[in-house]
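Remarks on the structure that follows.
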Amino acid sequence: MTRLSIVIPALNEAPSMAQTLQPLQPLRDHGVEVIVVDGGSTDGTPGLAALWANQVLHSPRGRARQLNAGAQAAGGAILLFLHADTQLPAQALQQILDAVDRGAVWGRFDVKIVGKPWMLKVVGALINVRSRLSGIATGDQAIYVQRRAFEAVGGFPDQPLMEDVEISRRLKRLAPPHCHRLKVFTSGRRWEQRGVWRTIVLMWWLRWRYWRGADPSVLARAYR
Numbered sequence: 117m118t119r120l121s122i123v124i125p126a127l128n129e130a131p132s133m134a135q136t137l138q139p140l141q142p143l144r145d146h147g148v149e150v151i152v153v154d155g156g157s158t159d160g161t162p163g164l165a166a167l168w169a170n171q172v173l174h175s176p177r178g179r180a181r182q183l184n185a186g187a188q189a190a191g192g193a194i195l196l197f198l199h200a201d202t203q204l205p206a207q208a209l210q211q212i213l214d215a216v217d218r219g220a221v222w223g224r225f226d227v228k229i230v231g232k233p234w235m236l237k238v239v240g241a242l243i244n245v246r247s248r249l250s251g252i253a254t255g256d257q258a259i260y261v262q263r264r265a266f267e268a269v270g271g272f273p274d275q276p277l278m279e280d281v282e283i284s285r286r287l288k289r290l291a292p293p294h295c296h297r298l299k300v301f302t303s304g305r306r307w308e309q310r311g312v313w314r315t316i317v318l319m320w321w322l323r324w325r326y327w328r329g330a331d332p333s334v335l336a337r338a339y340r
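Per the numbering used here, residue 117 is the first one in the sequence shown, and the count goes up by one each step.
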């Protein structure tokens, strides 16, 4: 059985495919499985992904649905969920295996947001602190989980937003996350396109409303 499978949801991510997948090739040489799940791209993403992935799957659009489809097809005892615009450092594999061997049920990495605005460094640092204090991870932090735990919580909830927050809440009931200080690098394009401060305020507002019980479908429309 494959020890670790990496599942990457994608939708029109052709510009990011090479940057994300090429660094994973040495991990494939060590038996890591890489699965890209496309949600209906029109820019050639599946064809590019096929150059560097073990499998390229197609599923209904929606990050949670794509992640669950990839997990179902994966052969790994450990599942790592990686965003298509996030780069995983080579040391991550050994850190994950070491953490699991020491009893970790699930975990996540610190994140560095890559982009021109200086404020992105602060945003990344705040995300890491908040995650460490709350035990809640974001998808940008490369969440990984033992398959048995993933199945025990029913996988990602079928909702259009905050699927990472919700699965973190469910996994916390099983065990606290292992918080790695090693950083993954994720694109700051979302903040750059919408404006850093505007995005910060929007994300905090959406999280607050989610904690207050707002419908994720309503929040997803506001996010878009």
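Positions of the beta carbon are idealized from the N, C-alpha and C atoms, including for glycine.
Residues Ala253 of the same chain have their beta carbon placed closer than 6 Å to that of Ser247, with the five preceding and five following residues left out of the count.
If you compare the alpha carbons of Leu322, His296, Thr118 and Asp280 with that of Ala338, the shortest gap goes to Leu322. Secondary structure remark: continuous beta strand (DSSP E) runs of at least 3 residues inside the stretch 267-304, in chain order: 294-303. For the pair Met319 and Leu143, the Cα-to-Cα distance works out to about 33 Å. If you compare the alpha carbons of Ser333, Val300 and Ala134 with that of Thr161, the shortest gap goes to Ala134. In this structure, the straight-line span from the alpha carbon of His294 to that of Val245 is close to 14 Å. Residue pairing for Glu149: DSSP places it in a beta bridge opposite Ser121.
Distance from the Cα of Asp201 is smallest, within the candidate group Ser333, Arg306, Ala330 and Ile316, for Arg306.
By a beta-carbon distance limit of 8 Å, Ala165 contacts Leu137. Their separation comes to about 7 Å.
Distance between Leu236 and Glu129, taken at the CA atoms: about 22 Å. Beta-bridge annotation (DSSP): Ile259 is paired with Phe197.
When C-alpha distances from Trp222 are compared across Asp331, Asn170 and Leu120, the shortest belongs to Leu120. Here the alpha carbons of Ala187 and Glu279 stand approximately 15 Å from one another. Going by DSSP, Ile229 is part of the beta strand (DSSP E) stretching over Trp222 to Val230. The continuous alpha helix (DSSP H) containing Gln210 extends over residues Ala208 to Asp217.
Put simply, the backbone Cα of Ser157 is about 23 Å away from that of Leu204.
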